[in-house]
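K.L.:
Next up is a structure, given as structure tokens.
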Amino acid sequence: MSSEPMLSIDDVSVAFTDGGGLFDIFSDSETVRAVNDVSLTLGEQETLTLIGESGCGKSTLGKTAIGAQQPTSGTVRYRGQDIWKARNDAGSASIPFDEIRSALQIIHQDPGSALNPNQRLRTSLMIPLKQWYPDLSREERVERIHTLFEQVGMSPPDDYLNRYPHQLSGGETQRAVLVRALLLNPDVILADEAISALDVSLRVEMMDLMLELQELFQTSYLFISHDLSNARYIAEKSGGRIAVMYLGEIVEIGSVDEIMENPQHPYTKALQWATANLYDDGGDATFPLRKIDVPDPTDLPSGCHFHPRCPEAREVCQRQHPERIYIDDEETNYARCFRADEQHEYWNSPEITSGSSVDSS
Amino acid sequence: MSNTDTIVEVSNLDVTFQMDRGQSHVVRDVNLDVARNETLGIIGESGSGKSMLASSFLNAVIDPGVSTGKVMYHPEDGAPVSVLELSDSELDRFRWEEVAMVFQGAMSSFNPVTKIRTQFRETLQDHGRDIPAGMDRAHELLESVYLDPDRILDSYAHELSGGMKQRALIALSLLLEPDLLVLDEPTAALDLLMQRSIVTLLDELQTEYDLTLVFITHDLPLLTTLADRIAVMYAFNLTEIGTTDELLYNASHPYTRALLDATPDLNVPVDEMSIIKGSKPDPVDRISGCSYSPRCPIADDRCRSEEPPMMTVRDAHESACFYYDDAPDAVPISAAPDERPSSGRTTATEGRDN
Ligand code: SF4
Numbered sequence: 001m002s003s004e005p006m007l008s009i010d011d012v013s014v015a016f017t018d019g020g021g022l023f024d025i026f027s028d029s030e031t032v033r034a035v036n037d038v039s040l041t042l043g044e045q046e047t048l049t050l051i052g053e054s055g056c057g058k059s060t061l062g063k064t065a066i067g068a069q070q071p072t073s074g075t076v077r078y079r080g081q082d083i084w085k086a087r088n089d090a091g092s093a094s095i096p097f098d099e100i101r102s103a104l105q106i107i108h109q110d111p112g113s114a115l116n117p118n119q120r121l122r123t124s125l126m127i128p129l130k131q132w133y134p135d136l137s138r139e140e141r142v143e144r145i146h147t148l149f150e151q152v153g154m155s156p157p158d159d160y161l162n163r164y165p166h167q168l169s170g171g172e173t174q175r176a177v178l179v180r181a182l183l184l185n186p187d188v189i190l191a192d193e194a195i196s197a198l199d200v201s202l203r204v205e206m207m208d209l210m211l212e213l214q215e216l217f218q219t220s221y222l223f224i225s226h227d228l229s230n231a232r233y234i235a236e237k238s239g240g241r242i243a244v245m246y247l248g249e250i251v252e253i254g255s256v257d258e259i260m261e262n263p264q265h266p267y268t269k270a271l272q273w274a275t276a277n278l279y280d281d282g283g284d285a286t287f288p289l290r291k292i293d294v295p296d297p298t299d300l301p302s303g304c305h306f307h308p309r310c311p312e313a314r315e316v317c318q319r320q321h322p323e324r325i326y327i328d329d330e331e332t333n334y335a336r337c338f339r340a341d342e343q344h345e346y347w348n349s350p351e352i353t354s355g356s357s358v359d360s361s
Numbered sequence: 001m002s003n004t005d006t007i008v009e010v011s012n013l014d015v016t017f018q019m020d021r022g023q024s025h026v027v028r029d030v031n032l033d034v035a036r037n038e039t040l041g042i043i044g045e046s047g048s049g050k051s052m053l054a055s056s057f058l059n060a061v062i063d064p065g066v067s068t069g070k071v072m073y074h075p076e077d078g079a080p081v082s083v084l085e086l087s088d089s090e091l092d093r094f095r096w097e098e099v100a101m102v103f104q105g106a107m108s109s110f111n112p113v114t115k116i117r118t119q120f121r122e123t124l125q126d127h128g129r130d131i132p133a134g135m136d137r138a139h140e141l142l143e144s145v146y147l148d149p150d151r152i153l154d155s156y157a158h159e160l161s162g163g164m165k166q167r168a169l170i171a172l173s174l175l176l177e178p179d180l181l182v183l184d185e186p187t188a189a190l191d192l193l194m195q196r197s198i199v200t201l202l203d204e205l206q207t208e209y210d211l212t213l214v215f216i217t218h219d220l221p222l223l224t225t226l227a228d229r230i231a232v233m234y235a236f237n238l239t240e241i242g243t244t245d246e247l248l249y250n251a252s253h254p255y256t257r258a259l260l261d262a263t264p265d266l267n268v269p270v271d272e273m274s275i276i277k278g279s280k281p282d283p284v285d286r287i288s289g290c291s292y293s294p295r296c297p298i299a300d301d302r303c304r305s306e307e308p309p310m311m312t313v314r315d316a317h318e319s320a321c322f323y324y325d326d327a328p329d330a331v332p333i334s335a336a337p338d339e340r341p342s343s344g345r346t347t348a349t350e351g352r353d354n
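Heads up: the protein sequence lines correspond to chains A and B, in order. Note that full-length UniProt numbering gives residue 325 to position 325 of the first sequence, counting from 1, and the numbers run on in steps of one. Note that full-length UniProt numbering gives residue 169 to position 169 of the second sequence, counting from 1, and the numbers run on in steps of one.
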């Protein structure tokens with residue numbers, strides 16, 4: 001195995017021209033920068049958690065990371081091999097594109113969509129196995145599926161394999177989809193809001209299962225969520241990092257401790273506010289944003305993209321775009337906010353007082 | 001509770017569906033009072049019957065479901081209304097002018113092919129309201145949910161983000177000045193930040209428009225920031241009810257405690273988080289005794305044979321558990337502080353009379 005990281009993403013941007021529907025209100029045909037100049041690495045068995053609001057680009061970044069979306073610029077490499085080079089210039093590739101795609105699997109937001117509603121589970125699961133491993137005999141395929149079902153606690157397997165998707169509970173569907181992703185023995189699983197549709201009380205159980213399987217199958221996870229408490233659970237249990245995305249950028253990335261105990265970016269703090277704890281004393285009752293809605297992504301705000309909503313914004317934030325300000329010596333963890341830099345002119349810049357659209361008094 | 005304080009009185013409510021494999025009983029003998037101007041939260045997992053209970057407030061259980069029992073609505077002045085006995089035309093009026101709803105599903109959503117302005121106007125027209133005055137109110141309502149009124153009214157629903165749409169729906173639901181707003185998972189499909197923002201807004205709206213809110217969700221942390229009282233549904237029954245503080249610090253039903261303990265909490269060390277063991281009951285197979293007994297750690301023979309009635313734990317706090325006194329010790333909650341903060345929690349509703 002090479003010393004290359006499992007996945008490395010360098011200066012990746014993804015732009016869409018006039019995406020259908022989602023942002024129609026804003027324009028007819030303009031470019032949305034879904035992902036803007038993001039660099040990341042994901043190591044063996046590492047877990048990286050991406051959080052942010054819908055439309056922040058986390059799903060697009062996730063898809064780009066597993067080769068399901070081609071970046072507009074920048075590179076995505078799997079074990080050192082540029083994924084899109086492998087695809088477009090197969091001759092030069094040390095790892096074939098097909099192999100890369102099967103090593104990078106996804107579990108969707110809507111887990112049910114991965115299962116054909118008109119097929120029994122057995123059929124839905126046998127097909128990809130047959131496609132990727134044509135050499136396996138039918139018995140071997142069945143055995144592989146059975147073993148996995150036992151491992152995810154769906155036992156006896158035949159009971160479940162004979163069912164149609166609508167005959168499964170939410171948790172069982174999740175498990176079946178997890179099995180489907182694991183069948184191909186992937187190196188990386190992208191879990192895109194994979195547990196958000198479950199009842200709160202089932203989420204911890206599902207996350208535990210995912211982590212257990214991570215150890216068993218030695219996979220890396222890219223875990224996407226809009227819920228900081230899920231992100232924190234996964235990240236803390238797996239020792240992974242949390243990256244916060246806002247309007248296409250990673251605005252803060254750090255260890256669980258840094259993000260939870262000492263968030264640098266006001267947006268990270270807003271996400272924390274949104275993750276209400278049962279036993280908080282409610283001391284943090286003030287609304288942490290100046291505006292409720294995310295601005296038009298086809299017309300990004302000047303300066304810091306967060307400034308129209310940021311409760312800490314000052315004049316300089318309206319005109320200067322914050323670079324990465326590293327908060328550790330290895331330069332892996334950073335925040336894109338002037339407040340992380342004690343020397344920054346921000347601290348002498350006049351406060352913005354107008355434009356507040358929400359106060360929760 | 002005297003009638004002047006109570007806006008809705010639910011008694012002996014049952015909701016049943018006739019299914020191929022037998023009768024499905026999705027709400028069982030629920031008794032519940034909603035106080036005027038309170039925010040009552042109803043919490044339960046999916047399939048607990050909580051949405052059916054909510055629908056019954058407006059007699060909106062869909063066919064072939066049948067609600068039986070009594071739902072009495074007490075208007076501020078005038079005679080009480082027996083909701084389950086209203087005719088279709090009476091219901092039409094009742095549903096907008098007395099009780100309005102924002103449901104998650106298709107029951108309350110915008111028509112995709114007409115502008116939102118048209119839908120506000122039609123609602124006014126259908127109820128014989130003065131259009132200019134009503135549209136003024138529409139503007140005011142949209143502003144109070146932090147939307148730009150003209151931009152929203154000139155949009156089609158698909159042009160709005162989920163959070164904008166949901167806020168516009170809330171504004172529409174308040175157009176005909178209802179006193180009670182029933183919200184069934186109104187924010188479930190949205191980002192947490194938007195969910196929490198909307199809950200903050202609802203709290204402001206309640207004060208501004210003198211509303212009573214019934215908020216149904218499976219999301220306990222969200223609910224506790226808003227609700228004055230919380231009712232817990234488990235397996236088609238009401239299992240516990242009390243003030244938010246009582247439920248957080250003195251939950252007296254093993255299910256409520258398990259639910260509290262299973263709720264992800266940023267302050268709880270990850271290895272102390274737990275799950276509720278066992279699986280949810282089926283609405284067709286009737287469990288004898290307490291419906292939670294198959295999953296309950298302290299269940300005994302009595303629990304498995306006799307059905308526990310609602311019992312008073314202390315004022316205005318009731319639990320349907322024979323051993324409500326033992327529940328706190330038997331089912332510890334890792335996130336709960338040892339002592340209840342003396343000042344109580346500051347919910348968003350702090351300072352309002354209720
Ligand atoms: S740079 Fe300025 S506007 Fe941006 S997050 Fe920091 S304080 Fe807020």
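Quick reminder that beta carbons are idealized off the backbone N, C-alpha and C, glycines included. Predicted model, so just to flag it, every value in this text is computed and none were measured.
On the three-state DSSP scale, how would you describe residue 163 (chain A)?
P.N.:
Residue numbering aside, residue 163 (chain A) sits at position 163 when the first sequence is read from its first letter. Correct three-state label for residue 163 (chain A): coil.
K.L.:
Give every residue of the same chain whose Cβ lies closer than 7 Å to the Cβ of residue 341 (chain A), excluding the five residues on either side of it in the sequence, and list them in chain order.
P.N.:
The sequence position of residue 341 (chain A) within the first sequence is 341, counting from 1. Result list for residue 341 (chain A): 325, in chain order.
K.L.:
Using three-state DSSP, classify residue 126 (chain B) as helix, strand or coil.
P.N.:
Here residue 126 (chain B) corresponds to residue number 126 of the second sequence, with the count starting at 1. Looking at residue 126 (chain B) - three-state DSSP - the assignment turns out to be helix.
K.L.:
Any contact between the stretch 137-153 of chain B and the stretch 49-69 of chain B? By contact I mean 3 or more CB pairs, one from each, below 8 Å.
P.N.:
These segments do not touch.
K.L.:
Which residues in the same chain as residue 40 (chain B) place their Cβ atom closer than 6 Å to its Cβ, once the five residues preceding and following it in sequence are excluded?
P.N.:
The sequence position of residue 40 (chain B) within the second sequence is 40, counting from 1. 34, 214 and 229.
K.L.:
Going along the stretch 237-260 of chain B in order, which residues come within less than 9 Å of chain A, judged by CB to CB distance?
P.N.:
From the stretch 237-260 of chain B, only 248, 249, 258, 259 and 260 have a Cβ closer than 9 Å to chain A.
K.L.:
Once DSSP output is grouped into helix, strand and coil, what is the label at residue 287 (chain B)?
P.N.:
In the second sequence, the residue the question calls residue 287 (chain B) occupies position 287. Coil at residue 287 (chain B), not helix or strand.
K.L.:
For residue 253 (chain B), count neighbouring Cβ atoms within 10 angstroms of its own Cβ and tell me buried if that reaches 16, exposed if not.
P.N.:
Translated into the one-based positions of the second sequence, residue 253 (chain B) becomes position 253. Buried.
K.L.:
If residue 143 (chain A) sits next to residue 154 (chain A), beta carbons under 8 Å apart, how far is it from one beta carbon to the other, in whole angstroms?
P.N.:
In the first sequence, counting from the first residue as 1, residue 143 (chain A) sits at position 143. In the first sequence, counting from the first residue as 1, residue 154 (chain A) sits at position 154. Rounded, the Cβ-Cβ distance is 15 Å, inconsistent with contact.
K.L.:
Are the beta-carbon atoms belonging to residue 297 (chain B) and residue 335 (chain B) less than 7 Å from one another?
P.N.:
In the second sequence, counting from the first residue as 1, residue 297 (chain B) sits at position 297. In the second sequence, counting from the first residue as 1, residue 335 (chain B) sits at position 335. Result no, Cβ atoms of residue 297 (chain B) and residue 335 (chain B) do not sit closer than 7 Å.
K.L.:
Taking its Cβ as the centre, do 16 or more other Cβ atoms sit within 10 Å of residue 216 (chain A), making it buried, or is it exposed?
P.N.:
Within the first sequence, the letter at position 216 stands for residue 216 (chain A). Exposed, since its Cβ has fewer than 16 Cβ neighbours within 10 Å.
K.L.:
Under the DSSP definition of a beta bridge, which residues are partnered with residue 15 (chain A)?
P.N.:
Within the first sequence, residue 15 (chain A) is the residue found at index 15, counting from 1. Beta-bridge pairing links residue 15 (chain A) to A:33.
K.L.:
Would you decide whether residue 23 (chain B) is buried or exposed? Buried here means 16 or more other CB atoms lie within 10 Å of its CB.
P.N.:
Reading the second sequence from its first residue, position 23 is the one you call residue 23 (chain B). With fewer than 16 Cβ atoms within 10 Å of its Cβ, residue 23 (chain B) is classed as exposed.
K.L.:
Do residue 66 (chain B) and residue 83 (chain B) have their beta-carbon atoms positioned less than 7 Å apart in this structure?
P.N.:
Residue numbering aside, residue 83 (chain B) sits at position 83 when the second sequence is read from its first letter. Residue numbering aside, residue 66 (chain B) sits at position 66 when the second sequence is read from its first letter. No, the Cβ-Cβ distance between residue 83 (chain B) and residue 66 (chain B) is not below 7 Å.
K.L.:
Quick one: what does DSSP say residue 185 (chain B) is sitting in, helix, strand or coil?
P.N.:
If you number the second sequence from 1, residue 185 (chain B) lands on position 185. It is coil, neither helix nor strand.
K.L.:
I'd like to confirm something about residue 335 (chain A): is its beta-carbon nearer than 6 Å to some heavy atom of the ligand SF4, or not?
P.N.:
Translated into the one-based positions of the first sequence, residue 335 (chain A) becomes position 335. False, no ligand heavy atom lies under 6 Å from that Cβ.
K.L.:
Let's test the definition: count the other Cβ atoms within 10 Å of the Cβ of residue 307 (chain A) and tell me whether it reaches 16, buried, or not, exposed.
P.N.:
For the purposes of this step, residue 307 (chain A) is taken as the residue at position 307 of the first sequence. So residue 307 (chain A) ends up on the buried side.
K.L.:
Would a C-beta distance cut-off of 7 Å place residue 199 (chain B) and residue 171 (chain B) closer than the cut-off?
P.N.:
Residue numbering aside, residue 199 (chain B) sits at position 199 when the second sequence is read from its first letter. Residue numbering aside, residue 171 (chain B) sits at position 171 when the second sequence is read from its first letter. Cβ distance not < 7 Å, so residue 199 (chain B) and residue 171 (chain B) don't count as in contact.
K.L.:
Report yes or no: is there a C-beta of chain B within less than 7 Å of the C-beta of residue 292 (chain A)?
P.N.:
As a working mapping, residue 292 (chain A) is identified with position 292 in the first sequence. Output row for residue 292 (chain A): interface = yes.
K.L.:
DSSP three-state label for residue 246 (chain A), please.
P.N.:
Here residue 246 (chain A) refers to the residue found at position 246 when the first sequence is read from its first residue. Strand at residue 246 (chain A).
K.L.:
Return the Cβ separation of residue 107 (chain A) and residue 192 (chain A) in integer angstroms, given the expectation that the two are a contact with Cβ distance under 8 Å.
P.N.:
Here residue 107 (chain A) is taken as the residue at index 107 of the first sequence, counted from 1. Here residue 192 (chain A) is taken as the residue at index 192 of the first sequence, counted from 1. Right, their Cβ atoms sit about 7 Å apart.
K.L.:
Just checking: is the beta-carbon of residue 230 (chain B) within a distance shorter than 7 Å of some beta-carbon in chain A?
P.N.:
Position 230 of the second sequence holds residue 230 (chain B). Answer no: the Cβ-Cβ gap between residue 230 (chain B) and chain A never drops below 7 Å.
K.L.:
Using 8 Å for Cβ pairs, my map puts residue 98 (chain B) next to residue 180 (chain B). What's the rounded Cβ distance?
P.N.:
Against the second sequence, residue 98 (chain B) aligns to sequence position 98. Against the second sequence, residue 180 (chain B) aligns to sequence position 180. The Cβ separation is near 7 Å, so the contact holds.
K.L.:
Looking at the structure shown, is residue 143 (chain B) part of a helix, part of a strand, or coil, going by DSSP?
P.N.:
The residue labelled residue 143 (chain B) in the question sits at position 143 within the second sequence. The answer is helix: DSSP assigns residue 143 (chain B) an H, G or I state.
K.L.:
Tell me whether the beta-carbon of residue 245 (chain A) lies closer than 7 Å to the beta-carbon of residue 56 (chain A).
P.N.:
Translated into the one-based positions of the first sequence, residue 245 (chain A) becomes position 245. Translated into the one-based positions of the first sequence, residue 56 (chain A) becomes position 56. Against a cut-off of 7 Å, the Cβ pair of residue 56 (chain A) and residue 245 (chain A) comes out as a contact.
K.L.:
Looking at the C-beta of residue 196 (chain B), does it have a partner C-beta in chain A at a distance below 7 Å?
P.N.:
In the second sequence, counting from the first residue as 1, residue 196 (chain B) sits at position 196. Yes, residue 196 (chain B) counts as interfacial toward chain A.
K.L.:
I'd like to confirm the pairing. Which residues does DSSP put opposite residue 73 (chain B) in its beta bridges?
P.N.:
Your numbering for residue 73 (chain B) matches position 73 in the second sequence. Bridge partners of residue 73 (chain B): B:8 and B:81.
K.L.:
Beta-carbon within less than 7 Å of residue 416 (chain A)'s beta-carbon, same chain only, minus the 5 sequence neighbours each way: which residues are those?
P.N.:
Any answer about residue 416 (chain A) is impossible in this case: the structure gives chain A only from 1 up to 361.
K.L.:
Should residue 330 (chain A) be flagged as near chain B, meaning a C-beta pair shorter than 7 Å?
P.N.:
Here the question's residue 330 (chain A) lines up with position 330 in the first sequence. So no, residue 330 (chain A) is outside the interface.
K.L.:
Kindly examine the ligand SF4 and report whether one of its heavy atoms sits closer than 6 Å to the Cβ of residue 317 (chain A).
P.N.:
Translated into positions along the first sequence, residue 317 (chain A) becomes position 317. The answer is yes for residue 317 (chain A).
K.L.:
Closer than 6 Å by C-beta to residue 71 (chain A): which residues in its own chain qualify, once you throw out the five before and the five after it? Chain order, please.
P.N.:
On the first sequence, residue 71 (chain A) is found 71 positions in, with the first residue counted as 1. Closer than 6 Å at the Cβ level, and outside the excluded window around residue 71 (chain A), lie 12, 14 and 64.
K.L.:
Cβ closer than 7 Å: which chain B residues qualify as neighbours of residue 278 (chain A)?
P.N.:
Residue 278 (chain A) sits at position 278 when you count from the first residue of the first sequence. Correct list: 220, 221, 224, 248, 260, 263, 265 and 335.
K.L.:
Please confirm if residue 140 (chain A) has its CB atom under 7 Å from at least one CB of chain B.
P.N.:
To locate residue 140 (chain A), count along the first sequence from 1; it is residue 140. With 7 Å as the cut-off, residue 140 (chain A) does not count as an interface residue toward chain B.
K.L.:
Please report the straight-line C-alpha distance between residue 26 (chain A) and residue 178 (chain A), rounded to a whole angstrom.
P.N.:
Your numbering for residue 26 (chain A) matches position 26 in the first sequence. Your numbering for residue 178 (chain A) matches position 178 in the first sequence. Caution applies to residue 26 (chain A), whose pLDDT of 47 falls short of 50 and renders its modelled position unreliable; the model cannot decide the point.
K.L.:
Any heavy atom of the ligand SF4 closer than 6 Å to the Cβ of residue 307 (chain A)?
P.N.:
Within the first sequence, numbered from 1, the residue matching residue 307 (chain A) stands at position 307. Under cutoff, so the answer is yes.
K.L.:
Let me check understanding here. Comparing Cα to Cα, which of B:27, B:17 and B:7 lies closest to residue 235 (chain B)?
P.N.:
If you number the second sequence from 1, residue 235 (chain B) lands on position 235. Among B:27, B:17 and B:7, the Cα nearest to that of residue 235 (chain B) is on B:27.
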